[in-house]
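For reference, the structure is listed below as structure tokens.
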DNA sequence: GCTGTTTGCGTACACTGTACGTTGTAGCAC
DNA sequence: GTGCTACAACGTACAGTGTACGCAAACAGC
């Protein structure tokens, strides 16, 4: 037992200072993010993670309560990558605020694209500090945009929903129709099921996707939402 | 072994015709939906499902390829509950189409609320027949709304994203702040983390949620999107 | 009758997250 | 120094997961 410690003569400071970095909360989370970045969430088991770090499984639990907490920390680390606009603290004109909201949303989307495993987790995990900061900035910008408070409230939801939801749906498409994935077979079944005669619109829609000419539709819908919000400034008496 | 079959004298037609309904694809899916409806997705294991049906685990695999297929079928059954508007086949005015789109979206949301487990699965599973029908109707309505084809394309995404994304985010809130859930402790941690001084906007936003005055914001954002789409009719030359 | 196919069943395997107990060691009081 | 406490790393063990495999009973067509 403990095969690595009593090999050399030096039983003091054994192997720990040799090459493997010490186990910390941060190193664990970073390794987990790296492991999920290539290999997806499926590749992230506690055993696998421990092996990659050069430790045994249960040692991780000295720094992380359970896997859910690890996932929370991972999402939060990724949330910290979202760029914060400068000058958000100063007084702003409405248009400037909207432009900043747009920038934050685009940055958040970029981060979710860079870490494809993060989008599904985003809603399943409680916000950590970085994500709360993200929320705070966005809500602050909405406040400074001069919108009525209720409009600001669900405007926030509309924007964040769009960022996460759009990316999620896009990734589903990608993974389902990617040749490199083993889901290729299922994609075939799908395309067989929908024959052109019964579902012409759906077939056309899917082909539009496969043609790849849906590039900037994320930003188009984002602008759609933002423009709509600014239009709801005064009375708010619209709808139904 | 096989304790249920050789109890009575009749080894023919043993127990099968006695009381338990025969195992079919449909009965399995329905039982799975029922099981997930109360108990959530966590309660839905193949073993648990088999037990509830009065069969053994591996018998299910005679009717369902694997669990992923089962989940797909479950989502599809639920998708079939979405009400289809009458008269969608006939020629429509633009406003009528938009109204129908709105009705379909609201119905879809109702279904997702009735089956809280379905929203997270919605994006993780390939569309089955019922969901393709749903897509077809929606896309058809978008076409009849007189929108340019690209606007119709991402309008479809904007609406479906909103339906699924909004419900998902709402359910996360619910489950994270519900007293009945064992996540209560985590919710406290969350509220402790965000002190009012550092994150005033976030605290105010969360309190707005806890006060429950966010009732119809789903439909408000939906109208926002739909109104925005109809405004993008002609040139499409707006916003960056 | 025989034969091939379907359906239910039991066992078994690889894998998951993690509870629990043991062990070496660092820090501190005496 | 000795003793005590705290903790990080470890190994084992357990309950739970999805499902591959093989066997037996029931039913189909000949």
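Protein chains in written order, with my numbering: chain A, 306 to 545; chain B, 306 to 545. Each residue gets a CB set at the ideal place from its N, CA and C atoms; glycine is no exception.
Interface partners of residue i on chain A, CB under 8 Å
| i | result |
| --- | --- |
| residue 477 of chain B | 428 and 429 |
| residue 448 of chain B | 506 |
| residue 459 of chain B | 519, 522, 525 and 526 |
| residue 391 of chain B | Those do not exist, as residue 391 of chain B stays about 18 Å from chain A at its closest Cβ, beyond 8 Å. |
| residue 382 of chain B | Neighbours of residue 382 of chain B on chain A: none; closest Cβ ~16 Å, over 8 Å. |
| residue 534 of chain B | 529 |
| residue 353 of chain B | Correct list: empty, because the minimum Cβ distance to chain A is about 21 Å. |
| residue 367 of chain B | Correct list: empty, because the minimum Cβ distance to chain A is about 19 Å. |
Contacts of residue i in chain A (Cβ-Cβ under 7 Å)
| i | result |
| --- | --- |
| residue 463 of chain B | 526 and 529 |
| residue 441 of chain B | 504, 506 and 507 |
| residue 349 of chain B | Under the 7 Å cutoff, chain A gives no residues; its nearest Cβ is about 17 Å from residue 349 of chain B. |
| residue 473 of chain B | 428 |
| residue 371 of chain B | Within 7 Å Cβ-Cβ: nothing; residue 371 of chain B doesn't reach chain A, min ~11 Å. |
For residue j and residue i, the rounded distance between their alpha carbons
| i | j | result |
| --- | --- | --- |
| residue 341 of chain A | residue 357 of chain A | 12 Å |
| residue 395 of chain A | residue 453 of chain B | 41 Å |
| residue 459 of chain B | residue 398 of chain B | 20 Å |
| residue 528 of chain A | residue 461 of chain A | 14 Å |
| residue 525 of chain B | residue 465 of chain A | 15 Å |
| residue 346 of chain A | residue 425 of chain A | 10 Å |
| residue 372 of chain B | residue 348 of chain B | 13 Å |
| residue 431 of chain B | residue 430 of chain A | 24 Å |
| residue 456 of chain A | residue 448 of chain A | 10 Å |
| residue 287 of chain B | residue 514 of chain B | Outside the modelled stretch of chain B, which goes from 306 to 545, sits residue 287 of chain B, for which no answer is possible. |
| residue 359 of chain A | residue 370 of chain A | 19 Å |
| residue 376 of chain B | residue 328 of chain B | 17 Å |
| residue 379 of chain B | residue 478 of chain B | 24 Å |
| residue 509 of chain B | residue 403 of chain A | 20 Å |
| residue 500 of chain A | residue 362 of chain A | 50 Å |
| residue 374 of chain B | residue 422 of chain A | 22 Å |
| residue 511 of chain A | residue 367 of chain B | 32 Å |
| residue 476 of chain B | residue 523 of chain B | 13 Å |
| residue 350 of chain B | residue 401 of chain B | 44 Å |
| residue 352 of chain A | residue 344 of chain A | 15 Å |
| residue 439 of chain A | residue 339 of chain A | 22 Å |
| residue 330 of chain B | residue 420 of chain A | 37 Å |
| residue 408 of chain A | residue 502 of chain B | 26 Å |
Neighbour list for residue i in chain B, Cβ cutoff strictly below 7 Å
| i | result |
| --- | --- |
| residue 469 of chain A | 470 |
Beta-carbon proximity of residue i to residue j, cut-off 7 Å
| i | j | result |
| --- | --- | --- |
| residue 381 of chain B | residue 433 of chain B | yes |
| residue 446 of chain A | residue 406 of chain A | yes |
| residue 365 of chain A | residue 337 of chain A | no |
| residue 428 of chain A | residue 474 of chain B | yes |
| residue 437 of chain B | residue 507 of chain A | yes |
| residue 326 of chain A | residue 335 of chain A | no |
| residue 442 of chain B | residue 516 of chain B | no |
| residue 384 of chain B | residue 435 of chain B | yes |
| residue 469 of chain B | residue 410 of chain B | no |
Partner residues on chain B for residue i, Cβ-Cβ distance less than 8 Å
| i | result |
| --- | --- |
| residue 626 of chain A | The first residue shown for chain A is 306 and the last is 545, placing residue 626 of chain A beyond what the model contains. |
Near the ligand PLP: residue i beta-carbon under 6 Å from a heavy atom
| i | result |
| --- | --- |
| residue 378 of chain B | You won't find the ligand PLP in this model; it holds no ligand whatsoever. |
The stretch 385-394 of chain B touching the stretch 403-423 of chain B, judged by at least three CB pairs closer than 8 Å: yes
Cβ pair count under 8 Å reaching 3, the stretch 527-538 of chain B against the stretch 522-538 of chain A: yes
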